[in-house]
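**Q** Submitted below is the structure of interest, expressed as structure tokens.
Number of protein chains: 2
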Amino acid sequence: MTLTGELLIGGERRFGTNGEIKGVNPASGETLEPAFGGATKADVDAAAALAQEAFASYRALPYETRATFLEAIAEHIEAIGDDLIVRVMAETGLPRARLEGERGRTTGQLRLFASVLRDGGFLEARIDPALPERKPLPRPDLRLRNVPLGPVAVFGASNFPLAFSVAGGDTASALAAGCPVIVKAHPAHPGTSELMGRAIQAAVASVGLHPGVFSLIHDSGYEVSQALVADPRVKAAGFTGSRRGGLALAAIAQGRPEPIPFYAEMSSINPVILLPAALAARGPAIAEGFVGALTLGAGQFCTNPGLILAIDGPELTAFVEAAGKAVEAAPAAVMLTPGICQAFAHGVAALNDAPEVTTVARGLTGVGHTGQAALFSVSGADFLANPHLHEEVFGAASIVVRAADQAQLEKVIAAIEGQLTIAIHMDEADHGLAGDLLPALELKAGRILVNGFGTGVEVAHAMVHGGPFPSTSDGRTTSVGSLAIARFLRPVSYQNLPEALLPAELKTDNPLGVVRRVDGKIG
Amino acid sequence: MTLTGELLIGGERRFGTNGEIKGVNPASGETLEPAFGGATKADVDAAAALAQEAFASYRALPYETRATFLEAIAEHIEAIGDDLIVRVMAETGLPRARLEGERGRTTGQLRLFASVLRDGGFLEARIDPALPERKPLPRPDLRLRNVPLGPVAVFGASNFPLAFSVAGGDTASALAAGCPVIVKAHPAHPGTSELMGRAIQAAVASVGLHPGVFSLIHDSGYEVSQALVADPRVKAAGFTGSRRGGLALAAIAQGRPEPIPFYAEMSSINPVILLPAALAARGPAIAEGFVGALTLGAGQFCTNPGLILAIDGPELTAFVEAAGKAVEAAPAAVMLTPGICQAFAHGVAALNDAPEVTTVARGLTGVGHTGQAALFSVSGADFLANPHLHEEVFGAASIVVRAADQAQLEKVIAAIEGQLTIAIHMDEADHGLAGDLLPALELKAGRILVNGFGTGVEVAHAMVHGGPFPSTSDGRTTSVGSLAIARFLRPVSYQNLPEALLPAELKTDNPLGVVRRVDGKIG
């Protein structure tokens with residue numbers, strides 16, 4: 000498929016006139032063709048107008064048609080074939096196997112949401128039948144279901160060019176909810192974005208939907224993103240990126256005449272807690288697993304383990320030694336962009352220069368935009384006294400916090416900010432301590448995992464990829480898994496609406512066969 | 000029960016030292032004893048510290064104990080007996096029958112949430128069992144449930160001194176969710192607040208809970224409210240009141256180092272749409288019902304019908320005439336506070352003076368702090384051209400919008416802000432038009448009701464008392480009905496957590512018997 004560098008505005012393609020963006024191969028430094036035209040505010044306006052226009056017919060579709068559409072997107076992505084993988088590799092420096100896996104995850108997500116649509120549980124249908132004889136007042140007939148919010152803006156992430164980008168989780172869940180989507184492509188992978196966008200555009204056409212259901216715009220600055228979040232026709236937004244970027248857009252979303260939900264996934268250091276029995280029994284094995292997770296994908300995962308917490312002692316020393324050796328053997332890895340590589344180097348240098356921090360080990364050096372893994376350690380007291388150590392350094396860097404005792408470990412847990420994940424390594428003898436810690440961990444993270452690392456995020460029904468601030472801007476939600484659709488829905492109650500006018504999912508004979516709560520009981 | 004005017008800080012009572020507040024009988028203008036001491040920031044700090052301390056044990060309680068606690072609150076409220084009704088009447092000017100009904104609704108709400116706790120559906124429990132043989136990677140065991148957010152601040156509402164105040168819906172749903180509550184009493188009914196607060200305090204003691212589960216503070220200004228929302232230990236807040244007050248506190252909630260959910264119910268004019276066949280068949284009867292709803296409780300309902308929308312013609316003229324006559328016969332009614340009465344008079348005067356607005360009728364005049372009902376009319380074109388007419392005038396005032404045709408009616412619907420309720424009066428011949436309008440109405444309101452008025456809000460499973468901005472600050476939620484508990488919960492996913500450490504609702508043998516979604520299927 001030949002890239003054109005065009006914006007996709009509804010069913011149209013046109014070359015943006017607001018500057019040009021080119022991909023860069025981070026491995027070679029080579030600039031990639033073609034140029035992608037940047038969008039103007041007029042393009043944002045056009046996309047928003049089309050999205051609003053499309054919303055009426057799109058949300059009125061039978062859920063089965065919406066499911067078919069999501070499946071068609073998956074098929075069109077698969078039809079791109081190896082051209083997609085080749086382009087993503089060139090734009091991101093990520094290896095083929097990882098990207099093939101990520102493509103499977105992306106199409107799997109779309110198909111999961113198709114099944115969610117067929118299941119109907121996302122509608123949260125409830126019926127309280129009328130009680131005309133009730134005293135002192137009769138009860139009216141009340142029926143509730145979820146409806147979509149309206150057009151959604153999605154901001155592509157740099158670190159998951161497929162699964163968290165143009166046709167990624169935010170787009171899939173918003174489209175499933177019944178919301179048209181306008182994607183602002185991440186400027187680090189514009190060609191990947193065009194390929195994925197054209198797959199969605201093709202699916203829109205093949206299913207015969209209003210073309211305004213999907214638009215894709217390019218921009219390397221802030222103005223277009225800001226205009227998109229400020230547009231009154233946009234009713235929610237999904238974002239994965241930096242804390243600074245997320246907070247800036249969140250402020251725009253909240254400051255609008257009509258504020259909107261803004262779902263930003265921003266910053267998480269994903270503590271890994273090593274409990275004593277597990278540490279004593281298999282510290283070196285855990286260290287090996289840890290360094291594997293730390294350096295996976297050059298450490299560029301939202302769920303990268305950036306913090307190790309344990310009670311100090313010879314077992315922790317042995318763990319640190321083993322982890323240090325593994326880090327020293329870790330090859331330098333190409334990072335996603337020159338900017339990310341530079342920010343990583345600065346973050347690591349700051350830790351290296353911090354007087355309270357000990358540099359345990361550095362990985363191998365490389366050439367070009369590569370990151371050199373880093374492991375540090377600090378005492379629990381110094382960690383507590385230096386909140387700058389609690390902040391994310393995006394990339395393969397981690398700090399071991401040596402707590403003096405359990406009380407200090409608990410203080411450290413209480414001091415850290417909200418997280419996407421917290422991992423605990425434990426053996427059966429640790430269960431008592433783990434049980435003591437769990438309530439505090441539940442308040443800090445969206446996912447608690449045992450004897451593993453957070454870097455694999457299963458797309459499932461019971462997954463939460465979210466967490467208290469600042470890991471996300473709204474810890475009541477998840478951006479991965481079937482529950483992600485809830486971000487783009489709100490409940491509406493219908494009182495005494497005639498049967499003929501009820502939506503299918505609320506009609507008395509339940510023609511869609513969805514799960515409903517009738518008089519408070521699931522049935 | 001003798002009122003003491005004290006703050007309730009955890010299990011303690013002490014007289015606040017930051018100024019004094021006294022209730023005023025709005026019917027007589029009489030100042031009511033005793034004086035209530037205003038809280039200092041130190042009192043807020045003490046209440047927040049106790050709430051945080053109580054949170055650990057409170058959320059760990061068996062759900063059955065939490066249910067028993069809610070029932071105990073209801074019993075302690077009932078045990079106050081007629082002293083409660085007498086005091087609320089004195090502080091609010093509301094009639095006995097209304098307050099007895101509101102008390103029943105308040106205790107009913109508490110008992111509803113007790114049943115929600117026993118049902119367990121609010122936990123949204125999900126299990127995706129491990130798939131150790133899956134290729135290329137095994138699936139871990141994933142289990143999800145909702146956990147409480149933490150201590151919640153509740154701001155009592157002036158217009159529902161029982162059902163939306165100290166032991167009202169926000170408090171009941173937050174306590175049900177597992178969150179300790181700190182209530183800031185509305186200064187218009189401090190004695191009512193003390194009585195209700197002492198009932199909760201007594202229930203805390205009788206069930207043997209940590210006393211920090213509940214605190215009640217008094218304040219007539221803004222400082223204490225602001226300190227409460229800004230306190231880092233407070234993790235969510237519920238508010239019912241003015242748009243200005245709600246937005247000011249919402250800005251504080253969002254501007255914290257850790258932003259928190261702020262659920263404000265603010266402003267709604269609750270349009271009533273009269274479709275042609277219904278208008279022709281029974282316009283005068285609808286007019287009578289409308290004026291009854293308009294003047295109920297001096298129009299001081301969040302769901303008061305402030306707007307009538309219809310296509311102009313002789314039937315609408317007949318409706319307006321009938322409604323005007325009914326308004327002219329409506330007695331003046333005591334309003335909740337002198338300030339509310341004054342604001343109502345100003346709002347009505349502004350409508351009366353607006354050149355584009357016709358004053359159809361005024362109700363009877365009264366003495367003291369009474370509101371004189373008012374009915375206005377305006378053309379659809381003038382309504383569209385004057386957004387100030389879209390704003391709420393709190394009290395018994397309503398505007399009839401005479402749309403030139405269906406197209407203009409649709410423009411008017413598109414132009415209004417988000418609403419708690421929209422009512423449609425229709426006959427069978429109107430179903431076609433109603434079906435055309437419904438999609439737009441769903442985007443504007445949390446509840447759509449047919450052939451009635453929004454003023455009765457059923458406490459039920461399928462109720463939504465919420466809606467798009469500015470009717471509330473978060474249209475994804477409801478503040479009435481069993482779904483209200485969701486405001487104070489967030490999901491947590493547990494990955495490979497040993498069976499022994501799982502919470503009861505996620506243990507494999509489901510000892511609590513809660514509804515769960517296993518591998519995506521309800522079972």
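In the order they appear, the protein sequences are chains A and B.
Numbering follows numbering that gives the first Met the number 0, with no gaps: position 518 of the first sequence is 517.
Numbering follows numbering that gives the first Met the number 0, with no gaps: position 27 of the second sequence is 26.
For each residue, glycine too, the CB sits at the ideal point set by N, CA and C.
Please read these numbers as outputs of a predicted model, since none were measured by experiment.
(1) Could you check how far apart the C-beta atoms of B/Leu-500 and A/Ala-433 are, in whole angstroms? I think they sit under 8 Å.
(2) According to the Cβ coordinates, are A/Ala-34 and A/Gly-4 closer than 9 Å?
(3) On the criterion of 16 or more Cβ atoms from any shown chain inside 10 Å, does A/Tyr-530 qualify as buried, or is it exposed?
(4) With respect to the alpha helix (DSSP H) encompassing B/Ala-439, which residues constitute its N-terminal and C-terminal limits?
(5) Could you have a look at B/Thr-64 and say whether DSSP puts it in helix, strand or coil?
(6) Of the residues A/Ala-41, A/Glu-498 and A/Ala-459, which one's Cα is nearest the Cα of B/Lys-520?
(7) Could you tell me the distance, in whole angstroms, from the CA atom of B/Leu-49 to the CA atom of B/Pro-210?
(8) Output the distance between the C-alpha atoms of B/Ser-378 and B/Leu-308, rounded to the nearest integer angstrom.
(9) Terminal residues of the continuous alpha helix (DSSP H) containing B/Thr-316?
(10) Using 8 Å as the threshold, is the stretch 471–479 of chain A in touch with the stretch 110–126 of chain A, meaning 3 or more CB pairs across them?
(11) Ignoring anything shorter than 4 residues, give me the alpha helix (DSSP H) runs that lie fully in the stretch 52–96 of chain B, in order along the chain.
(12) To the nearest angstrom, how far is it from the Cα of A/Val-228 to the Cα of A/Gly-119?
(13) When the Cα of B/Gly-365 is compared with those of B/Asn-17, B/Glu-19, B/Gly-10 and B/Ala-26, which residue comes out closest?
(14) Would you identify the three-state DSSP class for B/His-387, choosing helix, strand or coil?
(15) How many whole angstroms separate the CB atoms of B/Ala-89 and B/Asn-24, which I take to be in contact at a CB cut-off of 8 Å?
(16) Distance cutoff 9 Å, beta carbons only. Does A/Val-233 sit that close to anything in chain B?
(17) Report the neighbours of A/Asp-127 on chain B: residues whose CB is nearer than 7 Å to its CB, in chain order.
(18) Residues of chain A with CB under 8 Å from B/Ile-521, in chain order?
(19) Can you have a look at A/Ala-373 and say buried or exposed, based on whether 16 or more other CB atoms are within 10 angstroms of its CB?
(20) My understanding is that B/Phe-375 touches B/Val-359, with C-beta atoms under 8 Å, so please give their C-beta distance in whole angstroms.
(21) Anything in chain B within Cβ reach of A/Arg-446, meaning under 8 Å, just list it in chain order.
(22) Below 8 Å, can you find three or more Cβ-Cβ pairs linking the stretch 341–352 of chain B to the stretch 306–322 of chain B?
(23) Considering just the uninterrupted stretch of the alpha helix (DSSP H) at A/Val-411, what are its terminal residues?
(24) Looking at the strands, I want to know which residues DSSP matches up with B/Val-180.
(25) Pick helix, strand or coil for B/Pro-283, following the three-state DSSP scheme.
(26) On a Cα-Cα basis, can you pick out the residue from B/Asn-495, B/Gln-405 and B/Thr-106 that is closest to B/Gly-431?
(27) Kindly indicate the opening and closing residues of the beta strand (DSSP E) around A/Gln-418.
(28) Using a Cβ-Cβ cut-off of 9 Å, state whether A/Glu-257 counts as contacting chain B.
(29) Just how far apart, CA to CA, sit A/Phe-343 and B/Phe-300?
(30) Distance cutoff 9 Å, beta carbons only. Does A/Leu-143 sit that close to anything in chain B?
(31) Going along chain C in order, which residues have a C-beta closer than 7 Å to the C-beta of A/Thr-477?
(32) Can you tell me whether DSSP reads B/Phe-382 as helix, strand or coil?
(33) What are the start and end residues of the alpha helix (DSSP H) that includes A/Leu-350?
(34) B/Ala-584 to B/Thr-477, Cα distance in whole Å?
(35) Using DSSP's beta-bridge definition, name the partner residues of A/Pro-25.
(36) Considering only residues of the same chain and omitting the five flanking positions on each side of A/Asn-495, which have a CB-CB separation below 8 Å?
**A** Looking at the coordinates:
(1) That belief holds up - the Cβ atoms of B/Leu-500 and A/Ala-433 are roughly 6 Å apart, short of 8 Å.
(2) yes
(3) Missing from the structure shown is residue 530 of chain A; chain A here goes from 0 to 522 and no further.
(4) 430–441
(5) In the three-state reduction of the DSSP assignment, B/Thr-64 falls in the helix class.
(6) A/Ala-459
(7) 8 Å
(8) Straight-line Cα distance between these residues: approximately 10 Å.
(9) Membership of B/Thr-316 in the alpha helix (DSSP H) is indicated by the continuous run 313–327.
(10) no
(11) 62–79 and 81–91
(12) 29 Å
(13) B/Ala-26
(14) helix
(15) 5 Å
(16) no
(17) Ala-459, His-460 and Ala-461
(18) Gly-120, Val-514 and Ile-521
(19) buried
(20) 6 Å
(21) Val-491, Ser-492, Tyr-493 and Gln-494
(22) No: the two stretches stay apart, fewer than three of their Cβ pairs being nearer than 8 Å.
(23) Its alpha helix (DSSP H) spans residues 405–414.
(24) B/Val-180 is bridged by DSSP to B/Val-151 and B/Phe-213.
(25) helix
(26) B/Gln-405
(27) 418–424
(28) yes
(29) So the alpha carbons of these two residues sit roughly 56 Å apart.
(30) yes
(31) The chain inventory of the structure shown lacks chain C, comprising the protein chains A and B.
(32) helix
(33) 337–352
(34) No answer is possible for residue 584 of chain B: the residues shown for chain B start at 0 and end at 522.
(35) In the DSSP output, where bridge partners are listed per residue, A/Pro-25 has none listed.
(36) Ala-129, Pro-139 and Asp-140
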